[in-house]
Each structure stands twice: as structure tokens, then as C-alpha cells.
Amino acid sequence: MSKPTVQIQYCVPCGHLPRALDVQRAILERFGQSLGGVTLRPGGHGIFTIDVNDERVYTKPDEFDLDTLLTSIGQRVETAAPA
-7 MSKPTVQIQY
3 CVPCGHLPRA
13 LDVQRAILER
23 FGQSLGGVTL
33 RPGGHGIFTI
43 DVNDERVYTK
53 PDEFDLDTLL
63 TSIGQRVETA
73 APA
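For the sequence shown, my numbering begins at -7 and goes up steadily by one.
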């Protein structure tokens, strides 16, 4: 089984890049070598979503709490990690 991947899609015109970069950095600092990658995907129309292996773990307008988000990602990373 391959390592899990995270994709962050963010709205360019809305100025969500700084938040996307902060989230990417936090994910890499916490889970680094357990992941196959953390990618940023530019979008529009107010989008800000985070997927782990194509499973949505966050979508704007959900309340944004980085610690809760990292816990949710961690649970998926643990279950998807190779033995």
C-alpha cells in the first residue's frame, strides 16, 4: 500500500494561498515522512478544501480549527499507512 496523499485546493482570487501554505507546512511538520505528498491546487469561487486520499476532511465554510483538522488528517494517515 502506498503512503497517503493530501491535496489542498484553495481560491486564488480570494487570497487563500497564505492559509493553504500554513496548512501545508503544519501537515508536513506533523506527518512528513508518513505521507506520499501534500499538494496545492489553485482554484476559484471561494473554494478551500482538504482531501486525504480523495476523502474530503475539510471544506469551507466549515469552522477552521487547525488542531482539529490535523487530528482528522492524522486518523486517516494512520489507517492508510503501510504496515
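Positions of the beta carbon are idealized from the N, C-alpha and C atoms, including for glycine.
In this text, all values refer to a predicted model and were calculated from it rather than measured experimentally.
Rounded to a whole number of angstroms, what is the C-alpha to C-alpha distance between Ile19 and Arg33? 15 angstroms
Tell me whether Val4 is buried or exposed, calling it buried when 16 or more other Cβ atoms sit within 10 Å of its Cβ. exposed
Can you tell me which of the three DSSP states Ile39 falls into? coil
CA-CA distance, Pro(-4) and Ile39? 22 angstroms
What does the Cβ neighbour count give for His37, buried or exposed, with the cut at 16 atoms within 10 Å? Exposed, by the Cβ-count rule.
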